[in-house]
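Trainee:
Residue numbers (the numbering used here), protein chains in the order written: chain B, 204 to 280; chain C, 343 to 556.
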C-alpha cells in the first residue's frame with residue numbers, strides 16, 4: 204500500500220543478498236556443517252530495523268563461574 | 343560428560359515460539375528455562391506465560407527489551423507464580439500486569455544463578471546437564487541471515503544483544519556445537535534452532551549464562 208516503504212524494503216532485500224554472498228564466502232571453505240546464510244523472514248529489514256526490533260536484550264555483568272565455590276553453594280541450597 | 347546431550351530427548355522442551363515484533367526474547371528465554379526445569383524436577387511439560395513476565399517484570403521494558411538476570415531476580419524476590427500460557431496469552435505488545443491470587447496454580451522460582459563461563463565451556467556443558475537448559479545472551483547481529491549449520495564465524499562476543507535458551511550440545515562430529523532454541527518461529531534457522539561452535543565463546547554464548555532452580 205505504501206510505495207515508499209515497498210522501495211525501501213526492496214533496497215533492504217538487495218543489501219541482504221549482497222550480505223549473504225559475503226557471509227557464505229567464508230563458510231564454503233569449511234565443512235558442509237558450516238552455517239549457511241540466505242533469504243529468510245528478516246531479509247527485507249535493514250540491519251538497524253532488525254537490531255531495534257529483535258536485538259533488545261541487555262546483558263548484566265555477572266561473576267566468573269568458579270566450580271568449587273558455586274558447586275558448594277548449590278549443594279547448600 | 344556424555345558426547346551429546348539434548349533436553350528435547352527428555353521431553354523437557356516446548357515447541358519453538360515466535361516473539362513476532364515484540365523484543366521480549368529475554369522473557370522467552372527464562373520462561374523456556376522454567377518450563378524445562380519443571381520437567382527435570384519431575385513435573386509435566388507446560389507452556390507458561392511469557393506475557394506475564396513481559397507485563398509484570400517491572401525493572402525491564404517489556405517488548406522494548408530487558409535482562410534475563412533482572413527478570414530472574416524479580417521472579418526470585420517476589421516468588422510470583424508463572425501461570426499457564428492459556429490463562430495469560432501472548433499478545434506481542436506491552437500490557438498491564440495481571441495479578442493472580444496466591445492460591446492460583448503456577449510455578450515459582452526458588453533460586454537462580456548467573457555466571458560468566460567464558461573459557462569454561464566444558465564446565466558449562468556439565469552445568470547444562472545438572473541444572474537444566476541455560477538462558478544466555480548472545481551477539482545475534484549475523485543471525486538476521488542465518489539458515490542453519492554450525493555458526494563458526496561472523497559472530498563477535500563483544501556486543502550481547504539477544505537472549506536464547508541453550509538446550510543441549512553435540513561433540514560427536516568434527517565441530518562440537520551448542521543446540522540453541524530461539525524464539526523467532528520455525529521458519530528461522532533450522533526449524534527455529536541454531537547451532538553454535540563450542541570452545542571459542544562464539545557469539546559470546548558463555549559470557550552471560552543463567553540457570554533457574556524451582
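All residues carry an ideal CB built from backbone N, CA and C; glycine is no exception.
Alpha carbon to alpha carbon, how far is residue 212 of chain B from residue 481 of chain C?
Mentor: Taking the first chain and counting its residues from 1, one reaches residue 212 of chain B at position 9. Taking the second chain and counting its residues from 1, one reaches residue 481 of chain C at position 139. Computed Cα separation, rounded: 24 angstroms.
Trainee: Among the residues of its own chain, which have a CB less than 6 angstroms from the CB of residue 436 of chain C, if the five just before and after it don't count?
Mentor: Here residue 436 of chain C corresponds to residue number 94 of the second chain, with the count starting at 1. Counting only Cβ-Cβ distances below 6 angstroms, and skipping sequence neighbours, we find 404, 405.
Trainee: Quick check on the burial criterion: 16 or more other C-beta atoms within 10 angstroms. Buried or exposed for residue 518 of chain C?
Mentor: As a working note, residue 518 of chain C is residue 176 in the second chain. Under this definition residue 518 of chain C is a buried residue.
Trainee: Where does residue 543 of chain C sit, in a helix, a strand or coil, going by DSSP?
Mentor: Within the second chain, residue 543 of chain C is the residue found at index 201, counting from 1. Note: residue 543 of chain C maps to coil in three-state DSSP.
Trainee: Closest by CA to residue 394 of chain C, which one among C:449, C:534, C:502?
Mentor: In the second chain, counting from the first residue as 1, residue 394 of chain C sits at position 52. Residue C:449 is the option with its Cα nearest to residue 394 of chain C.
Trainee: Taking C-beta pairs closer than 9 angstroms, name the residues in chain C that residue 244 of chain B reaches, listed in chain order.
Mentor: Numbered from its first residue, the first chain carries residue 244 of chain B at position 41. The contacting residues are 526, 527, 529, 530.
Trainee: Using C-beta distances below 7 angstroms, list every residue in its chain close to residue 380 of chain C, excluding the 5 sequence neighbours before and after it, in chain order.
Mentor: By 1-based counting over the second chain, the position of residue 380 of chain C is 38. Within the same chain, residue 380 of chain C has close Cβ partners 388, 449, 556.
Trainee: Let me see if you follow: with CB-CB separation under 8 angstroms, is residue 436 of chain C close to chain B or not?
Mentor: To locate residue 436 of chain C, count along the second chain from 1; it is residue 94. No, because no Cβ of chain B sits closer than 8 angstroms to the Cβ of residue 436 of chain C.
Trainee: Can you pull out the residues from the stretch 387-413 of chain C whose beta carbon lies closer than 9 angstroms to at least one beta carbon of chain B?
Mentor: 402, 403, 405, 406, 407, 408, 409, 410, 411, 412
Trainee: Short of 8 angstroms in beta carbon distance, which residues of its chain neighbour residue 531 of chain C, apart from the five on each side in sequence? Order them along the chain.
Mentor: Taking the second chain and counting its residues from 1, the one referred to as residue 531 of chain C is at position 189. 485, 488, 489, 490, 524.
Trainee: According to DSSP, simplified to helix, strand and coil, what is residue 363 of chain C?
Mentor: Counting from 1 along the second chain, the entry for residue 363 of chain C is found at position 21. When secondary structure is reduced to three states using DSSP, residue 363 of chain C falls in the coil class, being assigned neither helix nor strand.
Trainee: Say whether chain B places a C-beta atom closer than 8 angstroms to the C-beta of residue 424 of chain C.
Mentor: For the purposes of this step, residue 424 of chain C is taken as residue 82 along the second chain, with counting starting at 1. False, the Cβ-Cβ gap to chain B never drops below 8 angstroms.
Trainee: Taking just the CA atoms, how far does residue 541 of chain C sit from residue 427 of chain C?
Mentor: Locating residue 427 of chain C in the second chain gives position 85, counting from the first residue. Locating residue 541 of chain C in the second chain gives position 199, counting from the first residue. Cα to Cα, the separation comes out at about 36 angstroms.
Trainee: With three or more beta-carbon pairs closer than 8 angstroms as the criterion, would you say the stretch 245-263 of chain B touches the stretch 467-477 of chain C?
Mentor: no
Trainee: Exposed or buried, which one is residue 259 of chain B when buried takes at least 16 other CB atoms within 10 Å?
Mentor: In the first chain, residue 259 of chain B corresponds to position 56, counting from 1. Counting Cβ neighbours within 10 Å, residue 259 of chain B comes out buried, since at least 16 surround it.
Trainee: From C:528, C:365, C:504, C:400, pick the residue whose C-alpha is nearest to that of residue 478 of chain C; which is it?
Mentor: For the purposes of this step, residue 478 of chain C is taken as residue 136 along the second chain, with counting starting at 1. Of C:528, C:365, C:504, C:400, the residue nearest in Cα terms is C:504.
Trainee: Could you check where the beta strand (DSSP E) with residue 481 of chain C kicks off and where it finishes?
Mentor: Numbered from its first residue, the second chain carries residue 481 of chain C at position 139. Here residue 481 of chain C belongs to no beta strand (DSSP E), and DSSP marks it neither H nor E.
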